[in-house]
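Take a look at the structure below.
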Amino acid sequence: MTGSPRYRLFVLAHGRSGDKGDTVNIGIIARRDDWYEYLERELTADLVHAYLEPLDIGRVERFELPNLGALNFLVHHALGGGGAVTLKLDAQGKTFAQALLRMPLTLPDDLANTVLAHWGERLPPDCVLRASD
Amino acid sequence: MIRIAAAQAFWGDWPQAPALQVRSGPIDYLVLDYLAEVTVAILQKQKARDASRGYARDFVTDVGVLLPELMERGIKVITSAGGIAPRACAEALLAKAAELGVSGLRVAIIEGDDVFDRMGTPAGSGIDLSALDRDGPTLEEIGPRLTSAHAYLGAEPIARALREGAHVVITGRCTDSALALAPIVYEFDVAPDDWDALAVGTVVGHVLECGAQSTGGNYLEDWRRVPSPETIGFPIAEMEGPDRAVITKHASLGGLVNAASVKEQLLYEIGDPRAYVTPDCVADFTTIELVDEGNDRVAISGVRGRPAPETLKVSCVYSAGWKVTGQITYCWPEALAKAKAAGDLVRRRTESVLGHPFETWLAEYVGASACFGPLGEQSEPEEVMLRVSARSPDRAACERLGRELVGLILTGPPGATGYAAGRPRPSEINNIWSGLVPRSQVEPRVEVLG
Numbered sequence: 001m002t003g004s005p006r007y008r009l010f011v012l013a014h015g016r017s018g019d020k021g022d023t024v025n026i027g028i029i030a031r032r033d034d035w036y037e038y039l040e041r042e043l044t045a046d047l048v049h050a051y052l053e054p055l056d057i058g059r060v061e062r063f064e065l066p067n068l069g070a071l072n073f074l075v076h077h078a079l080g081g082g083g084a085v086t087l088k089l090d091a092q093g094k095t096f097a098q099a100l101l102r103m104p105l106t107l108p109d110d111l112a113n114t115v116l117a118h119w120g121e122r123l124p125p126d127c128v129l130r131a132s133d
Numbered sequence: 134m135i136r137i138a139a140a141q142a143f144w145g146d147w148p149q150a151p152a153l154q155v156r157s158g159p160i161d162y163l164v165l166d167y168l169a170e171v172t173v174a175i176l177q178k179q180k181a182r183d184a185s186r187g188y189a190r191d192f193v194t195d196v197g198v199l200l201p202e203l204m205e206r207g208i209k210v211i212t213s214a215g216g217i218a219p220r221a222c223a224e225a226l227l228a229k230a231a232e233l234g235v236s237g238l239r240v241a242i243i244e245g246d247d248v249f250d251r252m253g254t255p256a257g258s259g260i261d262l263s264a265l266d267r268d269g270p271t272l273e274e275i276g277p278r279l280t281s282a283h284a285y286l287g288a289e290p291i292a293r294a295l296r297e298g299a300h301v302v303i304t305g306r307c308t309d310s311a312l313a314l315a316p317i318v319y320e321f322d323v324a325p326d327d328w329d330a331l332a333v334g335t336v337v338g339h340v341l342e343c344g345a346q347s348t349g350g351n352y353l354e355d356w357r358r359v360p361s362p363e364t365i366g367f368p369i370a371e372m373e374g375p376d377r378a379v380i381t382k383h384a385s386l387g388g389l390v391n392a393a394s395v396k397e398q399l400l401y402e403i404g405d406p407r408a409y410v411t412p413d414c415v416a417d418f419t420t421i422e423l424v425d426e427g428n429d430r431v432a433i434s435g436v437r438g439r440p441a442p443e444t445l446k447v448s449c450v451y452s453a454g455w456k457v458t459g460q461i462t463y464c465w466p467e468a469l470a471k472a473k474a475a476g477d478l479v480r481r482r483t484e485s486v487l488g489h490p491f492e493t494w495l496a497e498y499v500g501a502s503a504c505f506g507p508l509g510e511q512s513e514p515e516e517v518m519l520r521v522s523a524r525s526p527d528r529a530a531c532e533r534l535g536r537e538l539v540g541l542i543l544t545g546p547p548g549a550t551g552y553a554a555g556r557p558r559p560s561e562i563n564n565i566w567s568g569l570v571p572r573s574q575v576e577p578r579v580e581v582l583g
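First to last, the sequence lines map onto chains E and Z.
Under this note's numbering, the first sequence has 37 at position 37, and the numbering climbs by one with no breaks.
If you count the second sequence from 1, you need to add 133 to reach this note's numbering.
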């Protein structure tokens, strides 16, 4: 397995984020309905919290929407007091979805093959992380 | 069948949208949202300077010119453009109608959302507010700094205005999704306890309330594949009855409607998806049945609803000091190192004259992971914008920081540019405090003018 590339979450999912007070919500949506099961199993609240922790955030809650092939994460205390008060360039947390979608993942071979077939030529080159990178 | 067309998602949204929605195909209702949470604070400042203001004037400009077509075709308009002065907004629209020779226009206003005067009054005549956020400040702590308090009203008073024959309904503070739910309630005579039908209409409202965000705007799935974005069509909900909607757009306009575009908007700014709380119902987003029918048509049905809460949300604005933000761009060589040095320099210089007057201070390096911060992975960029911000109870401290920042241009690292906008000015911070009030203490009022 050491030679196989890792892929950013973006190849499996898209999404959108926004603010609710000092909380940011991140909606993560499977690009194919049959990829949702993998996301539900792997993309736990603990994993998301660990990945986003350098951004100085509070606790992370996860909600499942299997009917939409989607997960909703609530990231608490993420905006330094809320959209009206924060000094951050991204005052409304609009880039949190993209930050999370950059997460590198080691995919099972069969899923990686489906991903490659799905994207074909359109696979974004910076979403594939070779072992040497 | 009725067609409800969204045309504005916030004050400042695309100005061509209203005319394109009206002129590019059949619609029955035009709904326009102008009120983000902090918009009320901006309106308050405008009204303090000029008593005839306090509403979204773009509405009168952009929709006023469409009045002859709207009246001729029987298209009704529902909007939150009233802000904190729905009556002034209605009077301005009626004046515009007279100017254009439009007669018989009936404009309804919804009032009763403003509860500020009833806060802190003797028991019995006042309102009972409880905090929504238990971690935040108490009402007592911010009390003297409060400048407004508005309850979020629902679809019921808007539907009442439609029953009274209004062509245009202008609300103040109102739940965004209610603007689209109200015509559904009115047209299909939805009972106030038909929670499932109200939940379908609420989901429709949520899809429409952010305008083009459901039709290919801010579309992350594949932004390159959005057709003709120069004429992006805003969403339209087609409904044969209250239990099922088809989200679509005018065929002659650009943009797209597919499962991905609608899902991105469904997931936007929600909390627990099992409990999307509005004044009209509690909608369960995990029960939405979404079907992509192709040809820019996505069907929504099956949504389950629960009874509306006994409380309404109240949004209060309070003054929370001052902030200032300014920027200078540094180019190669060593763009990032110079931006960082300049950021440190301006902080040391400012503190040498003022001490430590700032509650918070932030230096960001735009072009070098200002968005992703420590998660950034990028190597040396060719140019970096230093963005310095600070917050203080003292306006003069913020003003001084603005002067110190501009002073860097000839006294700091080389290769500085991008400061032509001039000296950064302090702006007042209007923070939001949210609470709950028993709904029996808020009485929405409907009045038809004209």
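For every residue, glycine included, the Cβ atom is placed at its ideal position computed from N, Cα and C.
With 8 Å as the threshold, decide whether the Cβ of A475 (chain Z) is near any Cβ in chain E. no
Just to confirm the assignment: which complete alpha helix (DSSP H) runs, minimum length 4, are found wholly within the region 257-309 of chain Z? 272-275, 289-296
Note the first and the last residue of the continuous beta strand (DSSP E) segment covering Y38 (chain E). No beta strand (DSSP E) contains Y38 (chain E), which is instead part of the alpha helix (DSSP H) from 36-42.
Contact with chain Z by T114 (chain E), beta-carbon distance below 8 Å: no
Through-space distance from P546 (chain Z) to G555 (chain Z), alpha-carbon basis: 19 Å
Assign Q460 (chain Z) to one of three DSSP states: helix, strand, or coil. Looking at Q460 (chain Z) - three-state DSSP - the assignment turns out to be strand.
Taking the alpha helix (DSSP H) that F321 (chain Z) belongs to, which residues open and close that run? 311-321
Given a limit of 7 Å on CB to CB distance, which residues of the region 48-67 of chain E reach chain Z? Taking 7 Å as the Cβ-Cβ cut-off against chain Z, the residues of the region 48-67 of chain E that qualify are P54, L55, F63, L65, N67.
Reduced DSSP category for R31 (chain E) - H, G, I as helix; E, B as strand; rest coil: coil
Could you compute how far the alpha carbon of K382 (chain Z) sits from the alpha carbon of K456 (chain Z)? 41 Å
Taking buried to mean at least 16 other C-beta atoms within 10 Å of its own C-beta, is Q346 (chain Z) buried or exposed? With 16 or more other CB atoms across the displayed protein chains lying within 10 angstroms of its CB, Q346 (chain Z) is buried.
Residue nearest to F96 (chain E) in terms of C-alpha spacing, selected from E:R8, E:V75, E:Y38, E:N67: E:V75
Closer than 8 Å at the beta carbon, the chain Z residues around D46 (chain E): Result: empty, since nearest Cβ-Cβ is about 17 Å, beyond 8 Å.
Select from Z:G459, Z:L582, Z:V575, Z:I242 the residue whose C-alpha is nearest the C-alpha of G259 (chain Z). Z:V575
8 Å Cβ cutoff, A393 (chain Z) in contact with chain E: yes
Alpha-carbon spacing of E513 (chain Z) relative to Y498 (chain Z), whole angstroms: Taking the straight line joining both Cα atoms gives about 12 Å.
Hey, is F367 (chain Z)'s beta-carbon within less than 8 Å of any beta-carbon in chain E? Output row for F367 (chain Z): interface = no.
T444 (chain Z): which of Z:T420, Z:V410, Z:V301 sits nearest, CA to CA? Out of Z:T420, Z:V410, Z:V301, Z:V410 has the C-alpha closest to the C-alpha of T444 (chain Z).
Give the secondary structure of I542 (chain Z) by DSSP, where H, G and I count as helix, E and B as strand, and everything else as coil. helix
Quick one: grab the DSSP three-state call for T335 (chain Z). helix
Exposed or buried, what is V337 (chain Z) when buried is set at 16 or more other beta-carbons lying within 10 Å of its beta-carbon? Counting other Cβ atoms within 10 Å of its Cβ, V337 (chain Z) reaches 16 or more and is therefore classed as buried.
Which of helix, strand or coil does DSSP assign to S17 (chain E)? Reduced to three states, the DSSP call for S17 (chain E) is strand.
Check M1 (chain E) in the structure and name its three-state DSSP category. Residue placement at M1 (chain E) is poorly supported in this model, since its pLDDT is 47, which falls under 50; the coordinates are not used for a value here.
For a cutoff of 8 Å on Cβ pairs, would you count H14 (chain E) as touching chain Z? yes
Just reading off the alpha helix (DSSP H) that Y498 (chain Z) is part of, what are its end residues? No alpha helix (DSSP H) holds Y498 (chain Z); the beta strand (DSSP E) holding it covers 493-499.
Hey, out of Z:Y352, Z:P466, Z:M372, whose CA is closest to I365 (chain Z)'s CA? When only C-alpha atoms are compared, the closest one is Z:Y352.
Taking only three categories from DSSP, how would you classify Y451 (chain Z)? strand
Return helix, strand or coil for W566 (chain Z), following the three-state DSSP convention. strand
Using a C-beta cutoff of 8 Å, does L353 (chain Z) count as contacting chain E? At least one chain E Cβ lies under 8 Å of L353 (chain Z).
According to the neighbour-count rule (16 or more other Cβ atoms, all chains shown, within 10 Å of its Cβ), is T23 (chain E) buried or exposed? buried
Please report the straight-line C-alpha distance between S522 (chain Z) and A13 (chain E), rounded to a whole angstrom. 34 Å
Report the residue from Z:S157, Z:R558, Z:R377 whose alpha carbon sits nearest the alpha carbon of E532 (chain Z). Z:R558
Is N428 (chain Z) helix, strand or coil when you go by DSSP? coil
If we ignore side chains and look at the alpha-carbon of each, how far apart do M1 (chain E) and G427 (chain Z) end up? Residue placement at M1 (chain E) cannot be trusted, given a pLDDT of 47 that sits under 50; the coordinates are not used to answer.
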